[in-house]
Amino acid sequence: VNKDLLDERSKCTFDKDEFTLWWVGGKEKLNAKRDREHFCMNQPEFRDSVPLHFASHQEVYEETIRKATTIFSKTRELLKKQGYDANNFVNFMDIMLGDGFIREVNPLRIHFSMFIPSIKAHGSAEQQDRWLQKAVNCEIIGSYAQTELGHGTFLRGLETTATFDEETDEIVINSPRLSAYKWWPGGLGLTANHCIVMAQLYSKGRCHGVNPFMVQIRDEETHMPLAGIEIGEIGNKLGYNGVNNGFLGFKNFRIPRSNTLMKNAKLLRDGTYQKPISSVLNYGTMVFVRVMITRNMAQLLAKAATIAVRYSCVRRQSVIDPNKPEVQVIDHQTQQVKLLPQIAKAIALKLTADNLWKMYEATQVDLETGNTDRLPELHAMACCLKAVSSADTAAGVEVCRLSCGGHGYLTSANFLSMYGLATAASTYEGENTVLYLQTARYLVKVWNQALKGQRLMPTVRYLEQYATKPAKR
Amino acid sequence: FAWSDSTPVIIEAFQAVTANRLRLANEHIQQRVKAGRTPQEATNETGLELVRLAEIHCRGFILQSAYAAIEQACQTASRPLGEILREICRLVVYDEALRITGDLLRFTTMSDPDLVELQRKYEASLGAIRPNAVSIVDAFDYPDFILGSTLGAYDGNVYERLFEDAMKSPLNQEPVNRTFELYLKPFMRGKL
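Protein chains in written order, with this note's numbering: chain B, 1 to 473; chain H, 1001 to 1192.
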């Protein structure tokens, strides 16, 4: 071990193991984490067969799909041996979603993070019986297609149509023009053979708004795209290239009406459309995903800070006292101001994500009794937290890279893929400015409630005291 | 809002800034509506203010969550761990506060000497965390294969790893690249 790092470690004033237990969340979680890491580290098939930062776009995909499928198979085998419920997809989440295991990101990521949760969130009990088990076992691989070439966060603007044909009891899906092509979904390019498609539902000549549909897009045997489907991969990106983002267009593509996901809204045999009880029910999935993003961003920033801090203790740069040798870079105050706030920010974001997760769980309990009161508050907080955490992490990773000078510029330093992950998070699940505006809209609404003397929800209750007293400068 | 640089007061100052910015944004929307804009147009024209206040609201929530969680941890943590966690909390609070000094000067009683003192405390906090920096990141407990970095490995053998990785470059797998015969040689001899 490098002598400077040994010296640094000898200066520690606290019990490092106690810190780790607190950071990870207790002994049980720490043991599970280390078991998982030990298992992954000792599987030769999990290692990259080529150094991916030298690989071509095609090689990156081929290597990540090899690793993802191997990791899933091996992990399932292990979980069965250990007596875990191997059908519970949550067991796989940390490994399949943990970006550290596959640096260029996992092409099965959307299958686990969006496709399976969406079957649960949008599928009726019968539909869950039909697809959930197959999806958890990876007998089918899915993606989730919402965004279109011409439309992102604004859902009502989606152009893909799903028209009910009463005569055949089928839905006819079409992409009326190029801007209606689905664009971006992870795993859609070459990996998935099923997809949940968000499209404008038409029946009896009326549009009923956006609804999710389960669509088979490739033959299960040959993997060839089905007739009426145009599909492919969208090309190289700044980062996140293992995730296999794709495009998807439809030409008079027919699916049975029973593939309309009907946990909330329903489409009856005679074409009657039954609205969901509450439009805010869809918030649940979005909040879940945004809490996960905030958690991931905290971990990502902590990893970047780890790299930069260790390097800054090993690297020597200039003298502070001309009569003494070159100092460690971290001894310069200008270097400390780059590194140490990133550590603190990572910890603060992690604790905030934990707090939001508790709020999310409490709200889920409320929802079971039909109480949706806290959903808008939770949604508003999840929106801005996703935005702040992804923007700050992207900025923080960049600062960490800069703190490592020229060496930080090398892809082997791994800041490039970390930056790719953070900037991707600023982009997916709602562009950040749009998310801030959603939070602001909620704040304006509750401000006006406070002006009328109404009681506000806990995270915005502080506004009451300012709304009820006159402004003073 | 009465300013002081104690951690809970700074967190409340974020709330004061959000509330006052929200009050102003709301007034500006109303004024625009009165001037004949639709509510949607008025909201669009107040977009810059709205985005900023949503961000500050969020940052206040982050600081409050971190502060509450750290104070709770300190109830059971050993004293040395409690001290470093509180120092980390102070650092992130000072760091965020220094990013909104314009708002703090505008909406709280913060004065220029208060600002100088805040900066001094921020620098002191950096100095206090510096000796534990490596131990804190070690305690995050990321194995080398997760970090995947030549610069950040636990053993700190940075230069050896950089060199080893350079040797893996496909361009280093043979002493002479085929482009020499194809382009360089004819080019240098004026035959390209």
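Glycine is no exception: its CB is placed at the ideal position from the N, C-alpha and C atoms.
**Burial state of L349 of chain B, where buried means 16 or more other Cβ atoms lie within 10 Å** = Residue environment analysis places L349 of chain B among the buried positions, since at least 16 neighbouring C-beta atoms fall within 10 angstroms of its C-beta.
**Prompt:** Alpha carbon to alpha carbon, what distance is there between S1006 of chain H and P276 of chain B?
**Reply:** 48 Å
**Asked** If you pair each beta-carbon of the region 354 to 363 of chain B with each one of the region 390 to 406 of chain B, do three or more pairs fall below 8 Å?
**Response** no
**Request:** Please confirm if L1105 of chain H has its CB atom under 8 Å from at least one CB of chain B.
**Result:** Under the Cβ criterion of 8 Å, L1105 of chain H is not counted among the residues facing chain B.
**Prompt:** If you draw a straight line from the C-alpha of N1026 of chain H to the C-alpha of R1052 of chain H, how long is it?
**Reply:** 13 Å
**Bridge-paired residues (DSSP) for I255 of chain B** = B:I171
**Request:** Report the rounded CA-to-CA distance for M1110 of chain H versus S1004 of chain H, giving the unit in angstroms.
**Result:** 8 Å
**Item:** Residues of its chain near A1019 of chain H, where Cβ-Cβ distance is below 7 Å and the 5 sequence neighbours each way are ignored
**Value:** none
**Asked** In three-state terms, what does DSSP make of D99 of chain B?
**Response** Only weak support is given to the placement of D99 of chain B: the predicted model assigns it a pLDDT of 49, under 50, and the value that follows is read from those uncertain coordinates. DSSP places D99 of chain B in coil when its eight states are reduced to three.
**Request:** Check whether the region 1010 to 1024 of chain H touches the region 398 to 407 of chain B, counting contact only when three or more Cβ pairs, one atom from each stretch, lie closer than 8 Å.
**Result:** no
**Asked** If you measure beta-carbon to beta-carbon, which residues of the region 1150 to 1166 of chain H are closer than 7 Å to chain B?
**Response** T1150, L1151, G1152, D1155, G1156, N1157, V1158, L1162, D1165
**Message:** On a Cα-Cα basis, can you pick out the residue from H:A1054, H:S1169, H:A1035 that is closest to L437 of chain B?
**Reply:** H:A1054
**Message:** Tell me the rounded alpha-carbon separation between N244 of chain B and H151 of chain B.
**Reply:** 20 Å
**Request:** Note the first and the last residue of the continuous alpha helix (DSSP H) segment covering C400 of chain B.
**Result:** Note, C400 of chain B: alpha helix (DSSP H), 375 to 403.
**Where F213 of chain B sits in the DSSP three-state scheme** = strand
**Asked** Are G249 of chain B and S175 of chain B touching if we call contact CB-CB under 8 Å?
**Response** yes
**Request:** Reducing DSSP to helix, strand and coil, say where W447 of chain B ends up.
**Result:** helix
**Message:** Between which residues of its own chain and V170 of chain B is the CB-CB distance below 7 Å, once the five residues before and five after are set aside?
**Reply:** Correcting the residue type first, residue 170 of chain B is Glu in the shown sequence and not Val. Correct list, in chain order: R254, I255, P256, R257.
**Item:** Within-8 Å CB hit, G408 of chain B to chain H
**Value:** yes
**Request:** Kindly say whether R310 of chain B, judged by its beta-carbon, lies nearer than 8 Å to any beta-carbon of chain H.
**Result:** Answer yes: the Cβ-Cβ gap between R310 of chain B and chain H drops below 8 Å somewhere.
**Message:** According to DSSP, is A422 of chain B part of a helix, a strand, or is it coil?
**Reply:** helix
**Asked** Under three-state DSSP, which class holds E431 of chain B?
**Response** coil
**Asked** T163 of chain B to F247 of chain B, Cα distance in whole Å?
**Response** 21 Å
**Item:** Partner residues on chain H for R66 of chain B, Cβ-Cβ distance less than 8 Å
**Value:** Result: empty, since nearest Cβ-Cβ is about 17 Å, beyond 8 Å.
**Message:** What does DSSP give as the partner residue(s) for R1120 of chain H in the beta ladder?
**Reply:** Per DSSP, none; premise fails for R1120 of chain H.
**Message:** Distance check for S49 of chain B and D99 of chain B, CA to CA, integer angstroms please.
**Reply:** Any reading at D99 of chain B needs caution, since the residue's pLDDT is 49, under 50, leaving its predicted position unreliable; the model's value is listed next. Those two C-alpha atoms are separated by around 17 Å.
**Request:** Assign C1089 of chain H to buried or exposed, taking buried as 16 or more other Cβ atoms, counted over all protein chains shown, within 10 Å of its Cβ.
**Result:** buried
**Request:** Take the Cβ of I320 of chain B as the centre, count every other Cβ of all protein chains shown within 10 Å, and call the residue buried at 16 or more, exposed below.
**Result:** exposed
**Prompt:** What residue ranges within the region 1019 to 1050 of chain H form continuous alpha helix (DSSP H) runs of no fewer than 4 residues, ordered along the chain?
**Reply:** The region 1019 to 1050 of chain H contains, as complete alpha helix (DSSP H) runs of 4+ residues, the segments 1039 to 1045 (chain order).
**Message:** Quick check on M286 of chain B - is its C-beta less than 8 Å from some C-beta in chain H?
**Reply:** no
**Message:** Check this for me: beta carbons of E159 of chain B and R177 of chain B, under 8 Å apart or not?
**Reply:** For the pair E159 of chain B and R177 of chain B, the CB atoms are nearer than the 8 Å cut-off.
**Prompt:** Roughly how many angstroms separate the alpha carbons of Y181 of chain B and P117 of chain B, rounded to a whole number?
**Reply:** 23 Å
**Asked** Can a CB atom of chain H be found closer than 8 Å to the CB of E139 of chain B?
**Response** Cβ-Cβ to chain H under 8 Å: no for E139 of chain B.
**Request:** Check whether the Cβ atoms of A380 of chain B and T1150 of chain H sit closer than 8 Å, and answer yes or no.
**Result:** no
**Message:** DSSP three-state label for E148 of chain B, please.
**Reply:** strand
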